[in-house]
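Notes follow once the structure below has been shown.
In my numbering, the protein residues as written are 14 to 226.
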């Protein structure tokens with residue numbers, strides 16, 4: 014009889030504890046290892062800074078002073094000219110190539126980039142006789158610019174050439190989406206080296222340097 018009473022008491026106690034646990038009322042929040050993550054403030058994805066300020070959240074969207082954004086290590090600060098204007102195009106003459114002389118491996122890569130992106134118009138020999146012209150028998154009726162052998166482009170400053178490749182000039186469109194800034198400078202250095210070789214000068218190649226990243 015005593016055994017039955019003990020078992021009954023234990024079951025009754027367990028039932029009471031179980032019902033209390035299922036009441037839905039949590040009286041002890043427990044311990045949280047990282048409360049700032051557990052109770053983090055929610056942010057709207059497209060909320061404006063004004064909306065956040067009203068909620069007491071102050072956000073400074075300016076970059077840290079002295080830092081450079083990814084891909085901006087070779088900034089070109091001259092904006093594209095408005096139609097009919099040429100201020101930026103003229104100012105670009107003063108911009109210098111930031112790469113320095115390419116080594117032989119980088120120059121070979123620059124030549125490959127030229128053949129992929131430029132030779133279709135200007136020709137692999139830079140004579141303006143690419144597949145789209147073909148001595149006047151191609152789709153283009155007007156001959157593309159002859160980059161080697163003519164004074165106009167041989168004497169063109171590298172910064173002005175970079176402006177043309179970046180924004181486009183005359184019939185040529187922009188290549189900013191096809192080539193990174195470094196690749197554009199590499200292509201221009203390749204063109205300048207070919208111009209120098211054609212005029213009897215030495216190609217601008219640093220044979221002792223390691224590949225510049």
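We put the beta carbon where it would ideally sit given N, CA and C, even for glycine.
Anticipated Cβ contact below 8 Å, residue i with residue j, distance rounded
i: residue 173; j: residue 109; result: Wrong, their Cβ atoms sit about 11 Å apart, outside the cutoff.
i: residue 208; j: residue 160; result: 7 Å
i: residue 2; j: residue 199; result: The displayed coordinates of the chain run from 14 to 226. Any statement about residue 2 would go beyond what the structure contains.
i: residue 128; j: residue 117; result: At roughly 17 Å, the Cβ-Cβ gap does not stay under 8 Å, so residue 128 and residue 117 are not in contact.
i: residue 143; j: residue 134; result: 5 Å
i: residue 211; j: residue 162; result: 6 Å
Buried or exposed by the 16-neighbour rule on C-beta atoms within 10 Å, applied to residue i
i: residue 46; result: exposed
i: residue 3; result: This structure cannot speak to residue 3, because the chain is shown only from 14 to 226.
i: residue 50; result: exposed
i: residue 152; result: exposed
i: residue 20; result: exposed
i: residue 71; result: exposed
Reduced DSSP category for residue i - H, G, I as helix; E, B as strand; rest coil
i: residue 90; result: coil
i: residue 141; result: coil
i: residue 174; result: helix
i: residue 135; result: helix
Nearest residue (CA-CA) to residue i, options the options
i: residue 164; options: 64, 205 and 179; result: 205
i: residue 156; options: 139, 167 and 170; result: 139
i: residue 89; options: 212, 79, 135 and 111; result: 111
i: residue 213; options: 192, 167 and 44; result: 167
i: residue 171; options: 190, 186 and 202; result: 202
i: residue 196; options: 186, 179, 185 and 184; result: 179
Identified DSSP bridge partners for residue i
i: residue 182; result: 185
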